[in-house]
Amino acid sequence: MKYVLIVVLCTVAVAYVAATAVKECPNNKNGLSYPDLADRVSLHNCTKAPCRARKDSFQKVEYKFTPDKDYKNLHTRVTAEILGTALPFPGVDGQSACPNLYEEDKTTKVKDCEVKAGKNYYYKNGFEVLRIYPRIKTNAHWELYEPKTSRNIMCFEFLVRITN
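Numbering (mature numbering (1 follows the signal peptide of the UniProt record, and there is no 0)), first residue to last: -19 to -1, 1 to 145.
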């Protein structure tokens, strides 16, 4: 019984810590809101803020989203705030999200970049942490949006510490 209680408490503690790793974008006025955001976003090797990202590594990001209407073209906006300026992450910012969209089973790629309202999908990608990046703690902003209207479908932020 004591063992079961310890396992339950550890599980709750890990879930709580993971829940603090991501937060909804503060200026999410024109997009969807997810009350269960922490359960929808997975940051590889990150269970607490700030997430540690080593230089010369690839930080995996995966999240579940549920569009409120049909979309045929989605893009990503991925930035980090450096000295008060939002700087884009090369290779993912402004790119088409289509090659990284998956059906709810997480293995079947979305056909023709079409996502339907009310259906769950997954986005799986990440970003390179380049050697030239400074050692810094910063806020990373990750957004999935429709380029014609700039309306976001999913938007979250997390603290990241770039280390050697």
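Even for Gly, the Cβ is constructed at its ideal location relative to N, Cα and C. Here the structure is a predicted model, which is why all the values come from computation and not from measurement.
Buried versus exposed call for residue i [16 or more other C-beta atoms within 10 Å across all chains shown]
| i | result |
| --- | --- |
| Asp51 | exposed |
| Arg58 | buried |
| Asp17 | exposed |
| Leu64 | exposed |
Beta-carbon proximity list for residue i, same chain, < 6 Å, skipping 5 on both sides
| i | result |
| --- | --- |
| Lys41 | His25, Gly107 |
| Tyr103 | Lys45, Tyr83, Lys87 |
Limits of the alpha helix (DSSP H) - the one that residue i falls within
| i | result |
| --- | --- |
| Ala67 | From DSSP, Ala67 is part of no alpha helix (DSSP H) but of the beta strand (DSSP E) over 66 to 69. |
Best match in the options for proximity to residue i [C-alpha to C-alpha]
| i | options | result |
| --- | --- | --- |
| Lys105 | Ala98, Ile63, Thr119, Thr88 | Thr88 |
| Lys53 | Tyr114, Val91, Asn101, Arg142 | Val91 |
| Lys4 | Arg33, Leu125, Arg132, Asn120 | Asn120 |
| Glu95 | Pro48, Leu13, Ser131 | Pro48 |
| Ser14 | Asn145, Ala98, Cys136 | Cys136 |
Other residues of its chain near residue i: CB distance less than 7 Å, five sequence neighbours each side excluded
| i | result |
| --- | --- |
| Pro31 | Lys118, Leu140, Val141, Arg142 |
| Leu125 | Phe46, Leu55, Thr57, Ala78, Tyr104, Asn133, Ile134, Met135 |
For residue i: DSSP bridge partner residues
| i | result |
| --- | --- |
| Gln76 | According to DSSP, Gln76 bridges with nothing at all. |
| Cys32 | Val141 |
| Lys90 | Tyr83 |
| His122 | Thr60, Glu138 |
| Arg132 | Glu127 |
Run of the beta strand (DSSP E) containing residue i, from where it starts to where it stops
| i | result |
| --- | --- |
| Ala19 | Run containing Ala19: none in the beta strand (DSSP E); it sits in the alpha helix (DSSP H), 18 to 21. |
| Ser38 | 38 to 46 |
| Tyr102 | 102 to 110 |
Same chain, Cβ closer than 8 Å to residue i, neighbours up to 5 away in sequence not counted
| i | result |
| --- | --- |
| Leu111 | Lys36, Asp37, Pro71 |
| Glu138 | Val3, Lys4, Glu5, Cys6, Pro7, Asn120, Ala121, His122, Trp123 |
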